[in-house]
Amino acid sequence: MKLVGHGGDSVTVGWWQVEGGEAYELSLGTYGSDPDTGLLVTPADSVHTFTGLQSDTLYSIWVRKACRYTTEGYDTLVWSDWSRPLVCRTSVGIGEVYDGEGLHVAAQDGCVAVQGLASGERAEVYDMKGNRVATLAADGRTAPLPQGVYLVRTTAGRARKAVLTR
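The C-terminal position of the sequence shown is numbered 166 in my numbering, with every residue numbered one higher than the one before it.
Set out below in structure tokens:
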């Protein structure tokens, strides 16, 4: 099993089918849980997207295959053992913040966007090392920034966090 993609509240996984089975079953659970107690799905393809997941949560995902066992007068599906878990984390943090005072901060297309600056107010964007990486003199957005966590602080003393993921 492999991680195909993730973003926001979703995770997409895929798996290889060396020999085709009658069906496949996936189990999604929080890290450390048992696959038999997870959310079970039977996908129609060898790729599946789980949606509606909690942010900043570590998940385990397993896959197993069913084969048909048939003898005279007996026909049933037999499930394999669960695979080793694929462990992945959903996106960390927030995509957008509104503070109720008109300041709106969002992570968009690899940039930090700020709206709601008062006249004469500017916003400074800092990386987690404390280095200023951008200054906005008016509403707008930064140049593209590397993936990471950023602090947006205005000259009026308001501060917000922005998380850029790809």
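All residues carry an ideal CB built from backbone N, CA and C; glycine is no exception.
All figures in this text were calculated on a predicted structure; none of them were measured in a lab.
By the Cβ-count criterion, Gly38 is buried, with 16 or more other Cβ atoms from all chains shown falling within 10 Å of its own Cβ. A straight line joining the alpha-carbon of Leu53 with that of Ala156 spans about 36 Å. Going by C-alpha positions, Cys88 is about 44 Å away from Gly120.
As summarised for the stretch 4-80, the continuous beta strand (DSSP E) elements at least 3 residues long and confined to that stretch are 10-14, 23-30, 39-41, 47-50, 58-71 and 74-79, given in chain order. In the DSSP secondary-structure assignment, Leu151 is bridged to Tyr126 and Lys161.
DSSP places Arg89 within a strand segment (E or B) once states are collapsed to three. Between Val112 and Thr142, the CB-CB gap stays under 7 Å.
The DSSP-derived three-state label of Thr142 is coil. Distance from the CA atom of Gly73 to the CA atom of Asp9, rounded to whole angstroms, is 47 Å.
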